[in-house]
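Take a look at the structure set out below.
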Amino acid sequence: MTLTEVSEMDAAQHDRQGISLAVSTVIFALRPHQETGLSTVWLPLVRRIRDPFNGRWALPGGWVTAEESLADAAARNLLETTSLAPTYLEQLYAFGEVERSPGRRVVSIVYWALVRQEEAERASEGENVRWFPADELPSLAFDHNLIVEYALWRL
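One gets my numbering by counting positions in the sequence shown from 1 and adding 104 to each.
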C-alpha cells in the first residue's frame, strides 16, 4: 500500500468518525474576592444557550473554521463571547475523551492566558457572561471542571 493510499484511508476513516474540532479558553485574572477583599484567581464563564447543557456555565469557546488557525479560533471565540483580547494566548492541552460531548465526538484544543485586573474589568459581563472565583465554580458543562482543574494545576 502506498503512502497516498494510507492517507486516503485515514481521511475516509476520519470522515466516518465525524470528529469535530473546537477550542476553549481558560482566562485567569487576580481580582479581589467580594467578601474578603483578598486577591483571588477568577475566570470568566459563559452560559450555554443551546443543548447540550443548555443553561449551564462553560468555558468560552467554539468551533474551529477551516479558514483559521487554532490560536485565531481561540482568540475569536474569546473576543466574541467575553470581549477579552489577551495579547498572549498559550496552548494548554488537548482534551479528547470519547464521551466528553453527548451525541458528538469532539476534540477541544484548550488555550489559556492571564489578564490584568484592569483588562478583566473591561470584559463584558451580563446574563450569559460572568466571572467566578476559581475555587467556587458551579458544575460546568462538558468536562470543563476537569479542564479548569488541569489549568490551575499548571498555573
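Just so it is clear, CB atoms sit at the ideal spot from N, CA and C, and this is done for glycine as well.
Computed from a predicted structure; not experimentally measured.
Pairwise C-alpha distance: residue j and residue i
| i | j | result |
| --- | --- | --- |
| Gly166 | Thr129 | 9 Å |
| Asn232 | Arg154 | 12 Å |
| Leu125 | Arg180 | 15 Å |
| Ser187 | Arg220 | 14 Å |
| Val211 | Trp257 | 21 Å |
| Gln138 | Glu240 | 12 Å |
| Glu203 | Leu244 | 15 Å |
| Arg151 | Pro190 | 21 Å |
| Ala175 | Leu196 | 11 Å |
| Glu172 | Leu182 | 14 Å |
| Leu142 | Ala198 | 33 Å |
| Tyr254 | Tyr215 | 12 Å |
Reduced DSSP category for residue i - H, G, I as helix; E, B as strand; rest coil
| i | result |
| --- | --- |
| Leu147 | strand |
| Ile131 | strand |
| Arg234 | strand |
| Ala126 | strand |
| Glu171 | coil |
| Val210 | strand |
| Leu256 | helix |
| Leu218 | strand |
Whole-number beta carbon distance between residue j and residue i, since they are thought to touch under 8 Å
| i | j | result |
| --- | --- | --- |
| Pro242 | Trp161 | 5 Å |
| Ala224 | Glu194 | The Cβ separation is near 18 Å, so there is no contact. |
| Ala178 | Val127 | 4 Å |
Option nearest residue i by Cα separation, candidates the options
| i | options | result |
| --- | --- | --- |
| Ile131 | Thr169, Arg234, His137 | Arg234 |
| Pro156 | Val252, Gly230, Arg226, Arg209 | Arg209 |
| Asn249 | Leu149, Glu171, Thr185, Leu182 | Leu149 |
| Gly200 | Ile213, Tyr192, Ala189 | Ile213 |
| Ser205 | Phe236, Glu229, Leu196, Asn158 | Asn158 |
| Glu229 | Glu184, Asp176, Thr144 | Glu184 |
| Ala227 | Ile123, Ala133, Gly122 | Ala133 |
| Gln246 | Leu163, Arg135, Gly122 | Reading off the sequence shown, one finds Phe at residue 246, where the question assumed Gln. Phe246 has its Cα closest to that of Leu163, out of Leu163, Arg135, Gly122. |
| Arg135 | Leu259, Ala255, Tyr254, Pro237 | Pro237 |
| Gly122 | Thr169, Thr140, Gly207, Thr144 | Gly207 |
Residue-level contact to chain B via CB, residue i, 9 Å cutoff
| i | result |
| --- | --- |
| Val127 | In the structure shown, chain B does not exist; there is a single protein chain. |
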